[in-house]
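Below is one structure, written out as structure tokens, with a few remarks after it.
In this note's numbering, the protein residues as written are 1 to 705.
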């Protein structure tokens with residue numbers, strides 16, 4: 001055996017020793033494929049170091065596995081025990097992502113431990129013909145490997161030459177049980193060329209041998225086929241059938257048969273036979289029509305794995321990673337799940353506070369769904385039973401359904417059902433119900449595939465529910481920290497708005513307030529704490545309380561900002577805030593303004609002329625405890641409007657802030673009337689014309705007499 005070590009650290013001799021140990025593990029356990037992951041120090045990520053009997057293209061998504069992921073190798077590392085999954089149904093329920101890639105497999109993952117340190121994990125796979133338990137021989141081989149490999153890795157680390165994998169794992173070639181002599185090799189060659197069409201592919205799908213008969217069937221010379229992948233070299237094989245069948249054969253280590261139309265008059269039958277070194281392909285031509293005028297069916301080689309749904313559902317898995325809200329999850333699975341399986345209806349329910357809630361559906365009316373929405377998880381109905389029992393339920397016909405549930409109600413022409421529990425590590429998340437217009441047998445491979453995808457849906461639904469819960473909490477917190485209503489002040493009309501950021505779920509730090517500070521005096525305040533976190537919102541609440549307290553006793557804006565700044569510096573939150581204060585004296589008809597790094601207010605006169613007021617700048621709150629905040633005085637006349645706002649109203653990528661403020665002033669000047677609510681809506685419409693990534697707070701104060 002030749003071992004090539006590339007782009008990896010450690011002694012070449014140690015890598016060769018580790019490869020020999022790993023190969024012996026595979027031999028002693030008769031595993032169809034195996035992977036060895038190493039755990040670098042100070043990094044909670046398993047990295048794929050060695051590979052046997054599988055394609056790098058297929059396993060590359062698992063090149064790096066975080067130890068907190070729900071996957072056997074990670075569980076074995078984290079829990080320091082051998083993880084065994086010998087039942088395909090259990091694999092689909094516990095590890096849906098893995099089950100999608102390796103359906104109907106038995107899996108073992110064992111940690112490689114030396115002393116108190118986990119150095120890596122070995123992962124072995126067997127086809128479904130493997131018994132449901134590890135044999136004593138297999139357990140002994142796994143234990144021996146983990147012990148010896150652990151010692152080897154520990155010694156290498158102590159010598160300062162730790163074995164760390166490179167970008168790609170070391171792929172161990174399959175060993176032949178014997179090497180034929182010249183006569184045997186020629187006899188094998190003669191056997192291959194006698195077949196209607198013989199071809200050999202390596203684990204990556206590249207053609208390593210093609211007989212003359214095979215090249216004739218494919219319509220391409222043998223020399224042009226070598227080194228190419230059939231689905232890349234031949235346009236009529238470029239659909240998902242051949243590539244997906246090949247991948248499933250490599251992963252499942254089970255033979256498969258399928259047909260592909262080459263010309264309108266010719267079909268080719270492909271038979272795939274895998275082993276740890278690659279796939280042998282036998283091809284033959286089939287006439288399109290039999291003498292009786294019927295298409296001649298190819299007899300099944302084994303119970304086939306339905307690859308087309310597999311191909312579509314891999315796209316579903318990718319699409320689910322982009323979903324954010326529960327409605328997104330429901331829409332995605334309805335658009336992609338139903339066509340993949342030919343289902344007529346879908347219901348998605350969540351489990352919350354002991355009840356099932358319908359959160360998405362397709363193919364049903366609301367009146368029918370209302371019969372089930374809100375049912376207790378303790379109810380004696382299929383969704384509740386499937387979810388509480390963590391076990392899927394399949395009914396191939398309505399007669400079978402009624403036999404188990406005599407009170408079952410049939411909707412329209414539905415005649416088969418799948419109730420798929422959505423569970424994450426033993427915690428119920430919801431239930432997915434599929435219904436079909438025709439009877440359906442639900443073969444084992446399809447059941448396991450459905451349960452695997454249900455696991456992906458469970459993860460997406462749980463993530464979406466968490467997102468919405470955080471979103472609701474953030475919005476509730478934000479609105480709770482803002483004034484519930486503005487005080488009525490004689491001689492003033494006011495309006496305020498708060499708009500959360502256009503994306504994300506974190507609460508912002510924008511705030512506004514209007515504080516009575518006497519019978520004829522009021523202070524208008526607007527501010528913005530940096531960041532979009534709960535910490536920023538908490539500081540915003542403290543800042544607003546300090547401002548409100550100081551303003552309520554009639555403190556001038558310049559003194560108010562000085563005191564508030566000292567409070568922020570004492571709190572030392574590590575955050576800064578901008579703030580603008582305007583104290584309006586309705587007796588003297590004067591306004592006193594001071595700012596702490598906040599955008600300038602806009603002043604709109606009764607005739608529409610609008611300008612940004614020049615206020616002497618003061619530093620942001622929280623920078624320096626001894627900062628000064630100079631104030632400016634201006635007269636107030638009847639009909640003027642002061643617009644206070646946060647930077648979310650004007651800031652946009654690539655736009656100068658001064659130009660943006662001038663544009664906002666121009667838009668306010670063009671407002672058709674002087675009603676304060678209409679002016680507020682004018683500013684909001686202006687903000688909607690540009691991309692927005694920040695919160696917006698606004699407070700408009702208008703002098704009426």
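Ideal Cβ placement from N, Cα and C applies to all residues, glycine included.
- Query: What three-state label does DSSP hand residue 40 in the structure shown?
  - Reply: For the purposes of this step, residue 40 is identified with residue 40 of the chain shown, where counting begins at 1. Three-state result, residue 40: coil.
- Nearest-angstrom beta carbon gap, residue 195 and residue 282 [assumed within contact, 8 Å]: Stepping through the chain shown from its first residue, residue 282 is reached at position 282. Stepping through the chain shown from its first residue, residue 195 is reached at position 195. With a Cβ gap of about 6 Å, residue 282 and residue 195 count as contacting.
- Please state whether DSSP places residue 250 in a helix, a strand or coil. Translated into the one-based positions of the chain shown, residue 250 becomes position 250. DSSP places residue 250 in helix when its eight states are reduced to three.
- Task: State the start and end residues of the unbroken alpha helix (DSSP H) segment that holds residue 191.
- Result: Stepping through the chain shown from its first residue, residue 191 is reached at position 191. Element bounds for residue 191: 182 to 194.
- How would you call residue 459, buried or exposed, if buried means at least 16 neighbouring beta carbons within 10 angstroms? Walking along the chain shown from the start, residue 459 turns up at place 459. That one is buried.
- Item | Local conformation of residue 696 per DSSP, three classes | By 1-based counting over the chain shown, the position of residue 696 is 696. Three-state DSSP puts residue 696 in a strand.
- Item | residue 215 versus residue 198: straight-line alpha-carbon distance, rounded | Here residue 215 corresponds to residue number 215 of the chain shown, with the count starting at 1. Here residue 198 corresponds to residue number 198 of the chain shown, with the count starting at 1. So the alpha carbons of these two residues sit roughly 9 Å apart.
- Message: On the CB-based measure, 16 or more other CB atoms within 10 Å of its CB, does residue 581 come out buried or exposed?
- Response: Taking the first residue of the chain shown as 1, we reach residue 581 at position 581. Residue 581 is buried by the Cβ-count criterion.
- Message: Check this for me: beta carbons of residue 668 and residue 643, under 9 Å apart or not?
- Response: Against the chain shown, residue 668 aligns to sequence position 668. Against the chain shown, residue 643 aligns to sequence position 643. Cβ distance < 9 Å, so residue 668 and residue 643 count as in contact.
- Query: Is it right to say residue 389 is buried, meaning 16 or more other beta carbons lie within 10 angstroms of its own, or is it exposed?
  - Reply: Counted from its first residue, the chain shown places residue 389 at position 389. With fewer than 16 Cβ atoms within 10 Å of its Cβ, residue 389 is classed as exposed.
- Please confirm whether residue 14 and residue 161 have their CB atoms less than 9 Å apart. Taking the chain shown and counting its residues from 1, the one referred to as residue 14 is at position 14. Taking the chain shown and counting its residues from 1, the one referred to as residue 161 is at position 161. In this structure, residue 161 lies closer than 9 Å to residue 14 by Cβ.
- Provide the residue span of the beta strand (DSSP E) that contains residue 267, from first to last. Counting from 1 along the chain shown, the entry for residue 267 is found at position 267. Run containing residue 267: 266 to 275, per the beta strand (DSSP E) assignment.
- Query: What are the boundary residues of the beta strand (DSSP E) that includes residue 610?
  - Reply: Sequence index remark: in the chain shown, residue 610 carries index 610 (1-based). Counting along the chain, the beta strand (DSSP E) containing residue 610 begins and ends at 610 to 612.
- Hey, quick one: how far does the alpha helix (DSSP H) through residue 215 stretch, first residue to last? Position 215 of the chain shown holds residue 215. Taken as a continuous stretch (DSSP letters only), the alpha helix (DSSP H) holding residue 215 covers 212 to 218.
- Which residues in the same chain have their Cβ closer than 7 Å to the Cβ of residue 569, if we skip the five residues on either side of it in sequence? The residue labelled residue 569 in the question sits at position 569 within the chain shown. Counting only Cβ-Cβ distances below 7 Å, and skipping sequence neighbours, we find 622 and 625.
- Message: Considering only their Cβ atoms, is the gap separating residue 603 from residue 521 smaller than 9 Å?
- Response: Taking the chain shown and counting its residues from 1, one reaches residue 521 at position 521. Taking the chain shown and counting its residues from 1, one reaches residue 603 at position 603. No. Outside cutoff.
- Would you call residue 575 buried or exposed, if buried means 16 or more other Cβ atoms sit within 10 Å of its Cβ? Locating residue 575 in the chain shown gives position 575, counting from the first residue. Under this definition residue 575 is a buried residue.
- Considering only C-alpha positions, which residue in the set 427, 335 and 60 is nearest to residue 167? Counted from its first residue, the chain shown places residue 167 at position 167. Taking only the C-alpha atoms, the option nearest residue 167 is 60.
- Message: Ignoring anything shorter than 3 residues, give me the beta strand (DSSP E) runs that lie fully in the segment 391 to 431, in order along the chain.
- Response: 393 to 395 and 416 to 424
- With a threshold of 16 other CB atoms inside 10 Å of the CB of residue 440, please say whether the residue is buried or exposed. Along the chain shown, read from residue 1 onward, the residue named residue 440 stands at position 440. Buried, since its Cβ has 16 or more Cβ neighbours within 10 Å.
- Query: To the nearest whole angstrom, what separates the beta carbons of residue 554 and residue 536, a pair I think is in contact under 8 Å?
  - Reply: Residue 554 sits at position 554 when you count from the first residue of the chain shown. Residue 536 sits at position 536 when you count from the first residue of the chain shown. At roughly 29 Å, the Cβ-Cβ gap does not stay under 8 Å, so residue 554 and residue 536 are not in contact.
- Task: Return yes when the Cβ of residue 205 is within less than 9 Å of the Cβ of residue 231, no when it is not.
- Result: Here the question's residue 231 lines up with position 231 in the chain shown. Here the question's residue 205 lines up with position 205 in the chain shown. Contact: yes.
- Message: Please report the distance separating the alpha-carbon of residue 449 from that of residue 191.
- Response: Here the question's residue 449 lines up with position 449 in the chain shown. Here the question's residue 191 lines up with position 191 in the chain shown. When rounded, the distance between both Cα atoms is 38 Å.
- Item | Beta-carbon gap between residue 27 and residue 87 smaller than 9 Å | Here residue 27 refers to the residue found at position 27 when the chain shown is read from its first residue. Here residue 87 refers to the residue found at position 87 when the chain shown is read from its first residue. No.
- Task: My understanding is that residue 596 touches residue 613, with C-beta atoms under 8 Å, so please give their C-beta distance in whole angstroms.
- Result: On the chain shown, position 596 is the one that residue 596 refers to. On the chain shown, position 613 is the one that residue 613 refers to. Not quite, the Cβ-Cβ distance comes to about 15 Å (not below 8 Å), so this is no contact.
- Task: Report all residues from its chain with a CB closer than 7 Å to the CB of residue 464; omit the five preceding and five following residues, and keep chain order.
- Result: Reading the chain shown from its first residue, position 464 is the one you call residue 464. If we look at residue 464 and ignore the five residues flanking it on each side, its Cβ neighbours are 323, 324, 325, 326, 328 and 329.
- Item | Simplified DSSP assignment, three categories, for residue 756 | The chain is shown only over 1 to 705; residue 756 falls outside these bounds and no answer can be derived.
- Classify residue 98 as buried or exposed, calling it buried when 16 or more other Cβ atoms lie within 10 Å of its own Cβ. Residue 98 sits at position 98 when you count from the first residue of the chain shown. When all chains shown are included, residue 98 counts as buried.
- Let me know the secondary structure DSSP gives residue 13 once reduced to three states. The sequence position of residue 13 within the chain shown is 13, counting from 1. Residue 13: helix per DSSP, three-state reduction.
- Item | Rounded straight-line distance, which links the Cα of residue 374 to that of residue 468 | Counting from 1 along the chain shown, the entry for residue 468 is found at position 468. Counting from 1 along the chain shown, the entry for residue 374 is found at position 374. Residue 468 and residue 374: Cα-Cα distance of roughly 19 Å.
- Message: Between the alpha carbons of residue 654 and residue 498, how many angstroms are there, rounded?
- Response: Taking the first residue of the chain shown as 1, we reach residue 654 at position 654. Taking the first residue of the chain shown as 1, we reach residue 498 at position 498. Roughly 24 Å separates the two Cα atoms.
- Query: How big is the Cα-Cα spacing for residue 360 and residue 227?
  - Reply: Indexing the chain shown from 1 puts residue 360 at position 360. Indexing the chain shown from 1 puts residue 227 at position 227. Near 48 Å, if we compare the C-alpha coordinates of residue 227 and residue 360.
- Message: Just to confirm before moving on: does the CB-CB distance between residue 526 and residue 334 stay below 9 Å?
- Response: For this step, residue 526 is matched to residue 526 along the chain shown. For this step, residue 334 is matched to residue 334 along the chain shown. Their beta carbons are not under 9 Å apart, which means residue 526 does not touch residue 334 by this criterion.
- Query: In three-state DSSP terms, what is residue 60?
  - Reply: Position 60 of the chain shown holds residue 60. Looking at residue 60 - three-state DSSP - the assignment turns out to be helix.
- Length of the line joining the Cα atoms of residue 701 and residue 578: On the chain shown, residue 701 is found 701 positions in, with the first residue counted as 1. On the chain shown, residue 578 is found 578 positions in, with the first residue counted as 1. One C-alpha to the other measures close to 20 Å.
- Item | Of the residues 70, 129 and 93, the one placed nearest residue 109, counting alpha carbons only | Here the question's residue 109 lines up with position 109 in the chain shown. Out of 70, 129 and 93, 70 has the C-alpha closest to the C-alpha of residue 109.
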